[in-house]
Amino acid sequence: MSTSQETVPEMVETVEDDVKAATKGSRTLVIVLVVALVVALVALALVALDAKRQRDEADAGAAAQKAARAAVVAMTTYDYATIDDDFAWVDDAGTAKFRKQYAEVSAPIKKLVVQLKAHAKGTVVDSAVRVEDTEHATVLLFVDQTLTNPGQTQPGLDQPRITMKMVEQDGDWLVDEVELHTVSGSNAAG
(Lines of atoms letter the chains of each structure in order from A; the text may use other names.)
(Lines give C-alpha, C1' and ligand atoms only; values in the text may rest on other atoms or scores of the structure.)
Protein backbone atom coordinates (compact mmCIF):
# COMPACT_ATOMS: atom_id res chain seq x y z
CA MET A 15 0.00 0.00 0.00
CA SER A 16 1.08 3.51 -0.66
CA THR A 17 1.20 6.16 2.03
CA SER A 18 -1.42 8.25 0.31
CA GLN A 19 -3.92 5.51 0.52
CA GLU A 20 -5.37 4.65 3.88
CA THR A 21 -7.20 1.56 4.81
CA VAL A 22 -10.76 1.76 6.00
CA PRO A 23 -9.83 1.07 9.61
CA GLU A 24 -7.22 3.80 9.45
CA MET A 25 -9.76 6.20 7.97
CA VAL A 26 -12.27 5.35 10.68
CA GLU A 27 -9.60 5.89 13.29
CA THR A 28 -8.70 9.28 11.80
CA VAL A 29 -12.36 10.32 11.72
CA GLU A 30 -12.81 9.17 15.31
CA ASP A 31 -9.78 11.20 16.35
CA ASP A 32 -11.14 14.24 14.53
CA VAL A 33 -14.55 13.81 16.20
CA LYS A 34 -12.90 13.46 19.64
CA ALA A 35 -10.84 16.59 19.05
CA ALA A 36 -13.90 18.53 17.87
CA THR A 37 -15.96 17.32 20.82
CA LYS A 38 -13.20 18.25 23.26
CA GLY A 39 -12.97 21.73 21.68
CA SER A 40 -16.77 22.13 21.85
CA ARG A 41 -16.83 21.14 25.51
CA THR A 42 -14.12 23.66 26.27
CA LEU A 43 -16.01 26.35 24.38
CA VAL A 44 -19.24 25.52 26.23
CA ILE A 45 -17.44 25.67 29.60
CA VAL A 46 -15.87 29.02 28.71
CA LEU A 47 -19.23 30.40 27.58
CA VAL A 48 -20.98 29.18 30.76
CA VAL A 49 -18.29 30.75 32.96
CA ALA A 50 -18.55 34.03 31.01
CA LEU A 51 -22.35 34.00 31.38
CA VAL A 52 -22.11 33.42 35.15
CA VAL A 53 -19.57 36.27 35.51
CA ALA A 54 -21.82 38.57 33.47
CA LEU A 55 -24.88 37.67 35.58
CA VAL A 56 -22.98 38.27 38.83
CA ALA A 57 -21.75 41.65 37.54
CA LEU A 58 -25.28 42.58 36.48
CA ALA A 59 -26.64 41.60 39.91
CA LEU A 60 -23.98 43.74 41.64
CA VAL A 61 -24.79 46.74 39.44
CA ALA A 62 -28.52 46.30 40.14
CA LEU A 63 -27.91 46.05 43.91
CA ASP A 64 -25.74 49.18 43.87
CA ALA A 65 -28.38 51.08 41.88
CA LYS A 66 -31.06 50.00 44.38
CA ARG A 67 -28.85 51.08 47.31
CA GLN A 68 -28.32 54.47 45.68
CA ARG A 69 -32.07 54.90 45.09
CA ASP A 70 -32.84 53.85 48.67
CA GLU A 71 -30.27 56.29 50.05
CA ALA A 72 -31.58 59.10 47.84
CA ASP A 73 -35.14 58.40 49.06
CA ALA A 74 -33.93 58.28 52.67
CA GLY A 75 -32.10 61.58 52.22
CA ALA A 76 -35.15 63.29 50.80
CA ALA A 77 -37.36 62.01 53.64
CA ALA A 78 -34.81 62.99 56.31
CA GLN A 79 -34.42 66.44 54.79
CA LYS A 80 -38.19 66.97 54.67
CA ALA A 81 -38.56 65.92 58.33
CA ALA A 82 -35.63 68.13 59.42
CA ARG A 83 -37.05 71.16 57.60
CA ALA A 84 -40.41 70.71 59.35
CA ALA A 85 -38.72 70.18 62.73
CA VAL A 86 -36.51 73.25 62.43
CA VAL A 87 -39.46 75.48 61.50
CA ALA A 88 -41.31 74.18 64.57
CA MET A 89 -38.21 74.66 66.72
CA THR A 90 -37.65 78.26 65.61
CA THR A 91 -41.29 79.36 65.60
CA TYR A 92 -42.99 80.15 68.90
CA ASP A 93 -45.09 82.69 70.77
CA TYR A 94 -45.04 83.44 74.48
CA ALA A 95 -48.83 82.96 74.69
CA THR A 96 -48.67 79.40 73.32
CA ILE A 97 -45.20 78.45 74.52
CA ASP A 98 -46.03 74.97 75.83
CA ASP A 99 -47.77 73.97 72.60
CA ASP A 100 -45.01 75.54 70.50
CA PHE A 101 -42.26 73.60 72.29
CA ALA A 102 -44.21 70.31 72.12
CA TRP A 103 -43.08 69.66 68.52
CA VAL A 104 -40.27 67.54 69.95
CA ASP A 105 -42.74 64.95 71.29
CA ASP A 106 -43.47 63.78 67.74
CA ALA A 107 -40.27 64.76 65.95
CA GLY A 108 -37.48 63.75 68.37
CA THR A 109 -35.92 60.53 69.55
CA ALA A 110 -36.18 59.68 73.25
CA LYS A 111 -32.56 60.79 73.72
CA PHE A 112 -33.19 64.15 72.04
CA ARG A 113 -36.50 64.75 73.85
CA LYS A 114 -34.67 64.40 77.17
CA GLN A 115 -31.89 66.80 76.13
CA TYR A 116 -34.38 69.28 74.68
CA ALA A 117 -36.49 69.28 77.85
CA GLU A 118 -33.41 70.20 79.89
CA VAL A 119 -32.21 73.05 77.68
CA SER A 120 -35.59 74.46 76.71
CA ALA A 121 -36.91 75.14 80.23
CA PRO A 122 -34.90 78.37 80.76
CA ILE A 123 -35.57 79.45 77.17
CA LYS A 124 -39.31 79.06 77.64
CA LYS A 125 -39.11 81.14 80.81
CA LEU A 126 -37.23 83.92 79.00
CA VAL A 127 -39.64 83.90 76.03
CA VAL A 128 -42.61 84.35 78.39
CA GLN A 129 -40.81 87.03 80.40
CA LEU A 130 -40.00 89.04 77.25
CA LYS A 131 -43.36 88.29 75.63
CA ALA A 132 -41.41 87.23 72.59
CA HIS A 133 -42.59 85.90 69.27
CA ALA A 134 -40.42 84.14 66.70
CA LYS A 135 -41.05 82.86 63.20
CA GLY A 136 -38.55 80.55 61.55
CA THR A 137 -38.20 80.03 57.82
CA VAL A 138 -35.88 77.59 56.09
CA VAL A 139 -33.87 79.43 53.45
CA ASP A 140 -32.04 76.33 52.22
CA SER A 141 -30.88 72.92 53.35
CA ALA A 142 -28.54 70.13 52.37
CA VAL A 143 -28.44 66.49 53.38
CA ARG A 144 -25.62 63.98 53.78
CA VAL A 145 -26.84 60.39 53.94
CA GLU A 146 -24.82 57.92 55.97
CA ASP A 147 -27.13 54.99 55.23
CA THR A 148 -30.87 54.42 54.86
CA GLU A 149 -31.43 55.03 58.58
CA HIS A 150 -29.00 57.89 59.37
CA ALA A 151 -28.60 61.32 57.79
CA THR A 152 -27.28 64.74 58.71
CA VAL A 153 -29.13 67.83 57.49
CA LEU A 154 -27.64 71.33 57.43
CA LEU A 155 -30.35 73.98 57.56
CA PHE A 156 -30.03 77.68 56.79
CA VAL A 157 -32.73 79.45 58.78
CA ASP A 158 -34.00 83.01 59.00
CA GLN A 159 -35.75 83.68 62.30
CA THR A 160 -37.70 86.89 62.78
CA LEU A 161 -37.89 87.85 66.45
CA THR A 162 -40.22 90.40 68.03
CA ASN A 163 -41.14 91.51 71.51
CA PRO A 164 -42.95 94.55 72.88
CA GLY A 165 -39.69 96.27 73.86
CA GLN A 166 -38.43 96.39 70.26
CA THR A 167 -39.08 99.07 67.71
CA GLN A 168 -38.22 96.74 64.82
CA PRO A 169 -38.19 92.96 64.45
CA GLY A 170 -34.80 91.35 64.84
CA LEU A 171 -33.38 88.83 62.42
CA ASP A 172 -31.33 85.87 63.53
CA GLN A 173 -29.81 83.60 60.91
CA PRO A 174 -28.76 80.40 62.61
CA ARG A 175 -27.25 77.50 60.75
CA ILE A 176 -28.53 74.32 62.30
CA THR A 177 -27.21 70.81 61.88
CA MET A 178 -29.70 68.06 62.64
CA LYS A 179 -28.69 64.44 62.90
CA MET A 180 -31.70 62.43 61.84
CA VAL A 181 -32.50 58.76 62.42
CA GLU A 182 -35.22 56.65 60.92
CA GLN A 183 -37.30 54.80 63.51
CA ASP A 184 -40.41 52.79 62.66
CA GLY A 185 -40.79 54.57 59.32
CA ASP A 186 -40.41 58.10 60.72
CA TRP A 187 -37.38 60.38 60.52
CA LEU A 188 -36.66 61.84 63.96
CA VAL A 189 -34.25 64.46 65.29
CA ASP A 190 -31.50 62.76 67.29
CA GLU A 191 -29.04 65.65 67.74
CA VAL A 192 -29.00 69.39 67.05
CA GLU A 193 -26.07 71.74 66.72
CA LEU A 194 -26.70 75.47 66.49
CA HIS A 195 -24.22 77.65 64.59
CA THR A 196 -25.13 81.33 64.87
CA VAL A 197 -23.52 83.49 62.18
CA SER A 198 -25.29 86.73 63.00
CA GLY A 199 -27.94 87.90 65.37
CA SER A 200 -29.81 90.74 66.94
CA ASN A 201 -30.57 91.67 70.48
CA ALA A 202 -34.05 90.19 70.25
CA ALA A 203 -35.21 87.36 72.47
CA GLY A 204 -34.91 83.85 71.13
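Just add 14 to the spot in the sequence shown (first one is 1) and you have our numbering. For each residue, glycine too, the CB sits at the ideal point set by N, CA and C.
- Here aspartate 184 carries a coil assignment [DSSP, helix/strand/coil].
- In the three-state reduction of the DSSP assignment, proline 122 falls in the helix class, which pools H, G and I.
- By the CB criterion at 7 Å, valine 153 and valine 143 fall inside the cutoff.
- The beta carbons of phenylalanine 101 and valine 189 sit about 13 Å from each other, so the pair does not count as a contact at 8 Å.
- Ranked by how close their Cα comes to the Cα of valine 87, the residues Ala107, Lys131, Asp70 have Ala107 in first place.
- Put simply, the backbone Cα of aspartate 186 is about 50 Å away from that of isoleucine 45.
- Pairing asparagine 163 with valine 61, the inter-Cα distance amounts to about 57 Å.
- Nearest to aspartate 140 by C-alpha distance, out of Ser120, Arg83, Met180, Ala72, is Arg83.
- Note on lysine 66: under 16 other CB atoms within 10 angstroms of its CB, so exposed under the neighbour-count rule.
- With contacts defined by Cβ atoms closer than 7 Å, alanine 132 and tyrosine 94 form a contacting pair.
- Short of 6 Å from the beta carbon of threonine 137, and not among the five residues preceding or following it, lie these beta carbons of its own chain, in chain order: Asp158.
- When only Cα atoms are considered, methionine 178 and alanine 117 end up about 17 Å apart.
- Measuring C-alpha to C-alpha distances from glutamine 79 to each of His150, Val128, Glu193 identifies His150 as the nearest.
- DSSP places alanine 142 inside the beta strand (DSSP E), whose first and last residues are 133-147.
- Bounds of any beta strand (DSSP E) do not take in alanine 102, whose DSSP letter is neither H nor E.
- Collapsing the DSSP output to three states places glycine 75 in a helix.
- Straight across, the Cα-Cα distance linking threonine 90 with glutamine 115 is about 17 Å.
- When secondary structure is reduced to three states using DSSP, threonine 42 falls in the helix class.
- According to DSSP, residue pairing for lysine 179 in a beta bridge involves Thr152, Glu191.
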